[in-house]
Each structure stands twice: as C-alpha cells, then as structure tokens.
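Undergrad:
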Amino acid sequence: MTTGISKRISSIQFALLSPDEIRSMSQVKVITADTYDDDGYPIERGLMDLHMGVIEPGLKCATCFGKVDECPGHFGHIELAMPVVHVGFIKEIKIFLEATCSSCGRIKLTLDQMEKYKHKIERFDFSLSDPENIGLVSKRITDDATRRKICPHCNAPQKTVILDKPTTFREEGIKVTPKEIRERLERIPNEDLLFFGMNSTVARPEWMVLTVLPVPPINVRPSITLETGERSEDDLTHKLVDIIRISQRLRESRDNGSPQLIIEDLWDLLQFHVTTYFDNQTAGIPPARHRSGRPLKTLVQRLKGKDGRFRSNLSGKRVNFSARTVISPEPFLSVNEVGVPEKAARELTIPVIVTQFNIESIREIVRVGPEARDEFNRYQAGANYIIRPDGRRIKVTAQNAEENSKKIDITWTVERQLMEGDIVLFNRQPSLHRMSMMAHTVRIMQGQTFRFNLAVCTPYNADFDGDEMNLHVIQKEEARAEARIIMKVQEQIMSPRFGGPIIGGIHDHITSMFLLTHKNPVFTEDETVHMLSYVEPAKLPEFHLVDGKKMFSGRDIFSSILPDGLNLKYKSKLCSGATEKCEYEDRPEDIFVTIDNGKMTTGTIDETSLGPFSGVIIDKIFRSLGPEEASKFVDRMTRLAVGFITMRGFSTGITDYDIPKMAVERIKEIGRDAEAKIDQLIKVYKDGLLESLPGRSVEETLEIEILRITGEARDGSGSVASQYLGMTNPSVIMARSGARAKMLNIAEVAGMVGQQSVRGGRINRGYTDRTLPHFKRGDIGAAARGFVISSYKSGLNPIEYFMHSIGGREGLVDIAVRTSRSGYMQRRLINAFEDLKVDDDRKVQDTIGSIVQFTYGEDGIDPTRSDSGESLDLDYVIYNLDKRGKK
Amino acid sequence: MTKINVLKHDMVPEHQIVGKDEEERVLKELKIGKDLLPRINRFDPAIKALEEINGPIDDDTLIRITRKSPTAGISVYYRVVEGGLFK
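Residue numbers (my numbering), protein chains in the order written: chain A, 1 to 887; chain B, 1001 to 1087.
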C-alpha cells in the first residue's frame, strides 16, 4: 500500500482558454457531425474519432494507444463558422462593452483617473488577494467609466449598450453581432485590462467570444448500446452534432453568398445551440429537447443542484460494505447490540490479514465455505473471497472451500463474513446529530430486519412503522478501535445538546417502573422470581414475611437492578404540573426518590428518573460509574420493565373514560355557561360598552376575553372529568408517569375538546364574514368560531368536526413547513461550521488557524459532560460527600 | 445633536487598547500570530470613541474586549485594528 504524497498542489490559477490553447490541446479537428459508420466503427474526424479516447473494449486510442481503462481521453475541437458569445461570460462582456470606447477601445477614463485608480488596484496581488475585494474595486472603476458619454481619448460619442437577454447586445435598437463584439474587445489594450480586474498575462476579453469550441473526450460523453443493439448517444454528443451541422450550413451559406437574412438566422441558431450546450436552463430561451421531449442534460446541468456532480457524486458517494433494511424492536438485545439478518451477514465482509497467530482459525473459516452452519444448524461465519498477496481475488464456493483453506498462507487476506461481536456502524437518516450514527456489536438473527433495543429509538428518532436504517461494516482495525472507544451506544448516552442522557426508557418502560414502585406494592416470591428472571440478577432482593409468606416490595425489586455505590435524592414529577392541590403533596414518601448505596427506599420512579432527556438515574450512573454501568442499567431496566408489565398486564380502552352521568351533565353545563358568557360578552361589545385592555383594540380585547373563557371551560371540564379518573385509570397512569400523553389529552377525551385555533386566534376564515354558510354573516359567537363543547368520547357534531379539522390541519402544515425550513437552516449552519475545531488550549479555530472563539463556548465547557449546561451539580456532590462522611 | 459615547452604552462591551509590552505577553499566552486574531474595523464606532479619548490609534493595535458572557460570566476577546476597505 502506498501512503506517500506523490504530488502537491502549490497553486491554482483561473484564466480563460484562448483559441490557440484550445487548438493546441486538441487532438483532432472535428468536421463531420456523424458518429459511427455502418459497421459501427467510429468515423474519422467525426464526434467519436478515436483520437479523443476509446470506450469500446478491443479498440485502442489513436492518441495514446491506451486501451479502454488506460486512456484518460483527449480533447478535440470544432472551428465555428462565425463567432458566438459564451453565455457564462455575458455579464463580463457587458461590462467590457459599456466601459470601453466603441471606436478606440480604451477604457473611458481620463488619464488622471487612470493614474488614481491604478494605485488602488495595484495594491492587490492578483494571485493572492480575495477576488471579492478585487471585484469591488474594479466595479467602482468600471461604473465610473460606464457613465462617461464621450470617449476621453478619441472624443467619439458613445452609444448605450443594452443586453437583450440572454445573449443579444443592442446599441440603440441595432444588434451588435458577436463578430463586432469580438472586434471591439480585441481593441482593448492590455494596460487597460487591469481596471477590470483581469490579468492580461493569462486572459484576453475577446476570448469570451468563441471562435473555437473544445470537444470533450469521449469518456465524458460515452454512448450506450441498448439491449436491442441500438446505439444511444450522450446528450452532449447530440448537442455537439447540432453545433457542427449548423456551423457547416452557416459556413456554406456565407461562402456562396446567401442573403444576409438567412445567414443571420443561421448565426442565431448557432448561438442558440452553443448556449444550450453550456446551460440548457438559460432564462429566456426554450430548453433544447431530446427526441422524446425530455430536456437535454448539458454541461451546467451535470454540475448543478441536488442531482449534480457536487451534491450527488462528490459530497454523497455510494459505499460498499453497507446494508439497508426495515427495523423492528427486540427488547432482549442490549442497547449496544444490533440484530443483523443472516442474509445481510453473509454478504457483508471484513478483510482479515492472515498471520502466524490467526492462520489456524482463518483456515477453519475458509474451510466451512460461504454458506456455513454449525451442528445445530445455526449461522456460522464463512469466507466469501480470499485475496492473494499479488492482489488476485479468488471466490470461495462450497466446492473449492476445502482446497482454498489449504492454499492460504501468511500475508494472504481473507474476506470473512460478519460474526457475532463484530463492531458495525448503524445509522438512520436524517443524520441530524452525532447520535444518528452509533457503533453496535453484531448479533446474527433470524428474519429479514435489523433489530435493536427500544431505548435507542430516541437518539435515532426511529419508530417501527416501516422505518429503514443503514448499517456499515468497518474495514480497518484503527477504525474499529475508534468506533469501540468513542462511537459505541454506551459512549453516546450523554447528549452534547443539553448535557443529559438522550437514551432512556420509553412508553411501557416508564409505565412499568412506575407501577412497580408507586406506593411500593408487594409481590409474592413466584412473581418476583418471574420478573427477575428477565434480568439475571446476582441475588434475590430482601424479603419480609407477611402472614408467613415471603413477600418482596416493588422498590426492593427495582433496587436489584441499581448499581452499588449510587446515592441520590431528587423529586419525581408526580406532583409537578398539577395546578390545584396535588393528592401527594403530603406524602413525601411517594414524591422524593431516595437511593442509598444502590438501594431505593422511597419515591416513585417515573419519567424524571428514566426518560430520555431527563433520566436522573441514568445521568448519575453515567457520571459516577461510567458508560459501562449506565448501559448495563438501561439493559436491565428495559428487561425488568418488559418482564413486569407483561406479567401484570396493561391496557387502555374507551371505557376507561367512562364518568358518571352527573359529571357529564356538569361538563355540559360548563360548556353552556361558557357559551352564555361569550354571548354576553359579544352583546357588551356590540353595545360599544366593552373596555379595551391597555395597548389593545376593543376587538382584540374581545378575542382575548373569549379565549380566556374557552380555556377556563376546557380546564374546568377537565378537572371535573379527572375527579372520576384516578390513579387506577391506565390513561392517567400513563399521563402522570410521563410515559405518554398529557392530562390535557385525557380532558379532551372525557371532558371537552375546547376552542380550536388557527395561528393562535379563533377560527376566522372561509366565506365572507363567516366560517360556514350555516351561520349568519358577522356571527362571532362560540360555535361559529370553532368552540367545541363535545368530547372525543361523546363525539363531535358536524360543525365541531369541521372546526376541529381546520385546527388539526394547521398543525400538520406547520410541521411540514417547519421541518423543511429548519432543515435547510441547519444544513447551512453545518456547512459553515464543519471545519472548525477546538485545539488543546480550548481555542476555536478554522482550518487556517484564525480564531473564532478564544475559549470554546466562552467557558471552555464540553456540553456533553456538563450537567444540563452547568459545569457542576453542587447539590449532588454535597449529598454524596455527606453520605460518604456518615460512613 | 448631543454626542454619545458608545462605550458608555449598556450593550457595548468594554474596549481597551493593549500596550505593546502587554501585547507580546498576550500573543505568547495565546500561542498565536497577530494575523490570525479577529479584526475590528478602524472606523468601528468603538474604535472612534477610543480615539477620542486616547488620540489616534494605529492599524495593527491590539484591542481587548471584555464581555459579559451567559456561560462564563466574563469573557475576554482580542481584536486587531484593521484599516483599508470595508465591505
């Protein structure tokens, strides 16, 4: 392997191609528009001339005598019958025409001005300065020159040049032909080019008008042979054919003295073809089309945009050793693992160099062949290819496996199939943060999908409604080591976004742990053993005797998955969010979680303890005991959660929202009251008696007041409903534990859906002065503006349903608009910041070394290791010191 | 119109001219050449205000800016006065 640098770029220069240069780099002057003769052999001096390279195996390049893969391709050229302007330089040509004299060719500046400006522009070194700065200075100079109406050198009066887009120039309505343009540009003396920011040693303005056109090598525009044997030419070749044809006709017409009108038409046609050859999306001209009606993909289209060379081929390359398939959950895997289907594992390989230390085991891998299974018919890694030291690849088949296993020797390479324990990268797009691509160890599994622990759904933002993910097999030892140390899931538990864990229990995990610890229920030995059988605990938790039976408390069972040496005290979310008096307020036993040396004594485990983004326990285990322990805790927690909740059973249905008739009546009454209040308010407003709030108009005040009333009505009905929906209700358990949904959603189902809104206000769109034709014009009452009194359970009436749909649609549109806009914003930020780095003094520098920040984030703190952005969690430290002191 | 000293404005951080001796020390501490430091235009209102107090300021003078920082409390920045074009 060669790693040395053979060539180094010392400088790059941008210049214009002169006609002479085009001719001298050309290997052939193309004169015929035809490509191949009847035998399918390239026609000499045609567009497929062998001097420009070969694409057919068997033929040799006429220039370098190389075969297909050896010849890099060579340019040819076309002599245009008449000059045409280059679309890419239209702006520059215009500046030159405007700023110079049409008769003497000098820049329209007085000698004094020239002297003055010369100083200004000579300050720049053309090969080193920022082109933007040069551009700004030359713009000022040329603007000055353009404004002058009479040439200061020859006193010739100047006409204004107008650019008739895209490529025609006019002077007082009369067309200036490209030939004329070229002649004028030729007259500009070299000394004057300085003022335009043009370096006269490498470029001349007249070269922006083409007389010769380079023909790209055949490799750039290969023709393809269809299955039918038909030849299909590249779009560029088609365009070049057009150019040659028109150029020839133009030459003939000119030479045999055709009428000026015909010549001009042909000339314009040539200009059109050359223009579309460069850019087929030039504004103002119809795009050239293929026979099928598809617009041709010419030079600019090849480079530009999402499917262009830069974004599609250079920034985004296809890779080998990768797999993509649907994902599904597997709670029995560790967060660090990924289940890989056998089918994928057989295709994905890792190159292993044979050494004296591994030769025996590698021989065995080769011997078992590419479809290997062990005595229990389980997957076994085989080898797909072996590579000899000279680079020859030999495919391993079931037939030659035995033989090949004997052949291999030290320094050979074997491409081994994926094995349990291999480290791979796993990724879900869009890759918005670094946790979108993490390293997992492989578990080979039955089936067709990738599988992983549910706790890693959050960092990947994945769900299982058909999501697909990508897997990459690392090919080098260094990369594998790096992935293991810094990319493994356990190393990525802490998010640099907010300095807390991004991995944690979701939905059922939280519900389950909540049920296990809330009010500390007790379980029989059988139950305990059953749920702990999911987690492989070291020993059974402590028991106490109740009626002579061994009983285990929920908190003790939870303690069995906590690591030793963990001391914690914090408040759970049980009481937060409750606006009125919380039923647990007087029960600190339930609210405050205390963990003493890995033993939980009080409190309720909920989202605050385990959830992603909050997870206090995971956070503290990671900080004090490291990633290994943290990932082990997550593994055991998710398993215990599944074990317990499958044993206990947990479900919710519409009957869970049943409330007594009395309560339903009460809620209806609240709705009617709200409507009455709104009517009253509207009446006051219509009588002109409503007093406006400071800084608001009367109308705004009315709206604010109505929104307040509707809000109160919804909250009121919600609290009525929740009086009958206690902690035994599954939906309430989910809402209060933070597993899913909010109390508000429950209020919507059982109580009242409430006011629907668009852009923060009541619904106010549709017909003139009304939302629906069911209402009178100018009706601003509750129902007419989208107040929904019904609950989801009782069902909405048609008008309410319509209003609700309006509000719901806004949410959907918002999400769609927001994601696309913030996605682009983020893309620009990433592109701007991608090559900044923090050095060992914590300075932030760009690639040149210029300073962006003197200390990273001004405080030099790595947000990943911070505590929610703070450098230290003092309470926790003191609590732990206190604990240690007591011992 | 009354003239306002921008440096006294609440939102404008403290600007100080760094003397030649100190400058050497600062650059040594930062382990960096002067050309790599951020720049400040010589026509920047803060520089103009400083000029009114201290007399003309040459190009390439080092300016220390002491800002209030939400993360670190106080953060110190350096900028080099640059004349010439402004975009």
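Don't be surprised by glycine CBs; every beta carbon is placed ideally from N, CA and C.
If we cut at 9 Å on Cβ distances, does residue 1081 of chain B have a partner in chain A?
TA: Here residue 1081 of chain B refers to the residue found at position 81 of the second sequence. Not flagged as an interface residue toward chain A: residue 1081 of chain B, since no C-beta distance is shorter than 9 Å.
Undergrad: Can you name the residues of chain A whose CB is closer than 7 Å to the CB of residue 1038 of chain B?
TA: Counting from 1 along the second sequence, the entry for residue 1038 of chain B is found at position 38. Within 7 Å Cβ-Cβ: 851.
Undergrad: Can you pull the chain A residues whose beta carbon is under 8 Å from the beta carbon of residue 1032 of chain B, in chain order?
TA: Indexing the second sequence from 1 puts residue 1032 of chain B at position 32. Simply 843, 849, 851.
Undergrad: Identify, in the order they occur along the chain, each residue of the same chain with its Cβ nearer than 6 Å to the Cβ of residue 134 of chain A, setting aside the five sequence neighbours on each side.
TA: Working through the first sequence from its first residue, we reach residue 134 of chain A at position 134. Closer than 6 Å at the Cβ level, and outside the excluded window around residue 134 of chain A, lie 124, 197.
Undergrad: Excluding sequence positions up to five away, which residues of its chain have a Cβ less than 8 Å from the Cβ of residue 1018 of chain B?
TA: Taking the second sequence and counting its residues from 1, one reaches residue 1018 of chain B at position 18. Contacts found: 1026, 1061, 1062, 1063, 1064, 1078.
Undergrad: Is there a C-beta anywhere in chain B that falls below 9 Å from the one on residue 859 of chain A?
TA: For the purposes of this step, residue 859 of chain A is taken as the residue at position 859 of the first sequence. It does; some Cβ of chain B falls within 9 Å.
Undergrad: When the cut-off is 9 Å and only beta carbons count, does residue 855 of chain A lie next to chain B?
TA: In the first sequence, counting from the first residue as 1, residue 855 of chain A sits at position 855. Judged by the 9 Å Cβ criterion, residue 855 of chain A is in contact with chain B.
Undergrad: Quick one: residues in its chain with C-beta nearer than 8 Å to the C-beta of residue 1 of chain A, no 5 flanking neighbours on either side, listed in chain order?
TA: In the first sequence, counting from the first residue as 1, residue 1 of chain A sits at position 1. A caution first: residue 1 of chain A carries a pLDDT of 47, below 50, which makes its placement in the model unreliable, though a value can still be read off. Cβ neighbours of residue 1 of chain A beyond the five flanking positions: none.
Undergrad: Under a three-way DSSP split, which group does residue 299 of chain A fall into?
TA: As a first step, residue 299 of chain A must be located in the first sequence, where it is residue number 299. Helix.
Undergrad: Could you check where the alpha helix (DSSP H) with residue 824 of chain A kicks off and where it finishes?
TA: Indexing the first sequence from 1 puts residue 824 of chain A at position 824. Taken as a continuous stretch (DSSP letters only), the alpha helix (DSSP H) holding residue 824 of chain A covers 798–833.
Undergrad: Can residue 349 of chain A and residue 448 of chain A be called in contact, C-beta distance under 9 Å?
TA: Counting from one through the first sequence, the residue named residue 349 of chain A turns up at place 349. Counting from one through the first sequence, the residue named residue 448 of chain A turns up at place 448. Going by C-beta atoms, residue 349 of chain A is not nearer than 9 Å to residue 448 of chain A.
Undergrad: Which bits of chain A does residue 1018 of chain B rub up against, with CB to CB less than 9 Å?
TA: The count along the second sequence starts at 1 and reaches residue 1018 of chain B at position 18. Residues of chain A passing the Cβ test: none, with the nearest at roughly 14 Å.
Undergrad: What residue range is occupied by the uninterrupted alpha helix (DSSP H) comprising residue 461 of chain A?
TA: Sequence index remark: in the first sequence, residue 461 of chain A carries index 461 (1-based). Note, residue 461 of chain A: premise wrong, no alpha helix (DSSP H); not H, not E.
Undergrad: Is residue 1006 of chain B close to chain A? Criterion is C-beta to C-beta, closer than 9 Å.
TA: Against the second sequence, residue 1006 of chain B aligns to sequence position 6. Proximity of residue 1006 of chain B to chain A, defined by a Cβ-Cβ separation below 9 Å, is not satisfied.
Undergrad: Note down the Cα distance separating residue 641 of chain A from residue 508 of chain A, rounded to an integer number of angstroms.
TA: Position 641 of the first sequence, counting from 1, holds the residue named residue 641 of chain A. Position 508 of the first sequence, counting from 1, holds the residue named residue 508 of chain A. Each residue's Cα considered, the two are about 7 Å apart.
Undergrad: Can you pull the chain A neighbours of residue 1072 of chain B, defined as C-beta to C-beta under 9 Å?
TA: The sequence position of residue 1072 of chain B within the second sequence is 72, counting from 1. By Cβ distance, chain A contributes 855, 857, 858, 859, 860, 861.
Undergrad: Is it a yes or a no for the segment 289–308 of chain A touching the segment 193–208 of chain A, going by three-plus beta-carbon pairs under 8 Å?
TA: no
Undergrad: Got a sec: is the Cβ-Cβ distance from residue 1067 of chain B to anything in chain A below 9 Å?
TA: The residue given as residue 1067 of chain B occupies position 67 in the second sequence. Yes - at least one Cβ of chain A is within 9 Å of the one on residue 1067 of chain B.
Undergrad: Go ahead and label residue 647 of chain A buried or exposed: buried means 16 or more other beta carbons lie within 10 angstroms of its beta carbon, across all protein chains shown.
TA: For the purposes of this step, residue 647 of chain A is taken as the residue at position 647 of the first sequence. Residue 647 of chain A is exposed by the Cβ-count criterion.
Undergrad: At a CB-CB cut-off below 8 Å, which residues of chain A make contact with residue 1076 of chain B?
TA: As a position in the second sequence, residue 1076 of chain B is number 76, starting the count at 1. Within 8 Å Cβ-Cβ: 854.
Undergrad: I need the straight-line Cα distance from residue 85 of chain A to residue 1038 of chain B, nearest angstrom please.
TA: Working through the first sequence from its first residue, we reach residue 85 of chain A at position 85. Working through the second sequence from its first residue, we reach residue 1038 of chain B at position 38. Approximately 43 Å, taken between the alpha carbons.
Undergrad: Assuming residue 209 of chain A contacts residue 181 of chain A (C-beta within less than 8 Å), just tell me the rounded distance between them.
TA: Within the first sequence, the letter at position 209 stands for residue 209 of chain A. Within the first sequence, the letter at position 181 stands for residue 181 of chain A. That belief holds up - the Cβ atoms of residue 209 of chain A and residue 181 of chain A are roughly 6 Å apart, short of 8 Å.
Undergrad: Using a Cβ-Cβ cut-off of 8 Å (strictly less than) and excluding sequence neighbours within five positions of residue 386 of chain A, which residues of its own chain qualify?
TA: Against the first sequence, residue 386 of chain A aligns to sequence position 386. The answer, listed in chain order, is 366, 393, 394, 396, 404, 407, 408, 412, 413, 414, 415.
Undergrad: With three or more C-beta pairs closer than 8 Å as the rule, is the segment 830–844 of chain A touching the segment 470–478 of chain A?
TA: no
Undergrad: Is there a Cβ from chain B that is less than 9 Å from the Cβ of residue 869 of chain A?
TA: Residue numbering aside, residue 869 of chain A sits at position 869 when the first sequence is read from its first letter. Chain B contact via Cβ: present.
Undergrad: Looking only at its own chain, which residues have a Cβ that is under 7 Å from the Cβ of residue 779 of chain A, when we skip the five neighbours before and after it?
TA: Translated into the one-based positions of the first sequence, residue 779 of chain A becomes position 779. Same-chain partners within the cutoff: 770.
Undergrad: Taking the alpha-carbon positions, what's the residue 223 of chain A to residue 231 of chain A distance?
TA: Here the question's residue 223 of chain A lines up with position 223 in the first sequence. Here the question's residue 231 of chain A lines up with position 231 in the first sequence. C-alpha separation (whole angstroms): 7 Å.
Undergrad: Give me the residue from A/247, A/502, A/511, A/340 with the minimum Cα distance to residue 739 of chain A.
TA: Start at 1 with the first residue of the first sequence, and residue 739 of chain A comes out as number 739. Of the candidates A/247, A/502, A/511, A/340, the one whose C-alpha sits nearest the C-alpha of residue 739 of chain A is A/511.
Undergrad: Around the Cβ of residue 549 of chain A, are there at least 16 other Cβ atoms within 10 angstroms (buried) or fewer (exposed)?
TA: Looking up residue 549 of chain A in the first sequence gives position 549. So residue 549 of chain A ends up on the exposed side.
Undergrad: I'd like the span of the alpha helix (DSSP H) that includes residue 112 of chain A, first residue to last.
TA: What you label residue 112 of chain A is simply residue 112 of the first sequence in a count that begins at 1. Unbroken alpha helix (DSSP H) run through residue 112 of chain A: 111–122.
Undergrad: Comparing alpha-carbon positions, which option in A/768, A/806, A/792 lies nearest residue 786 of chain A?
TA: Start at 1 with the first residue of the first sequence, and residue 786 of chain A comes out as number 786. When each option's Cα is compared against that of residue 786 of chain A, the closest is A/806.
Undergrad: Keeping to the same chain, check which residues put their C-beta closer than 6 Å to that of residue 681 of chain A; ignore five residues upstream and five downstream.
TA: The residue labelled residue 681 of chain A in the question sits at position 681 within the first sequence. In the same chain as residue 681 of chain A, and ignoring 5 residues on each side of it, the C-beta atoms closer than 6 Å to its own belong to 705, in chain order.
Undergrad: Verify the CB distance criterion: does residue 1087 of chain B have a CB-CB separation below 9 Å to chain A?
TA: Residue numbering aside, residue 1087 of chain B sits at position 87 when the second sequence is read from its first letter. Caution applies to residue 1087 of chain B, whose pLDDT of 43 falls short of 50 and renders its modelled position unreliable; the model cannot decide the point.
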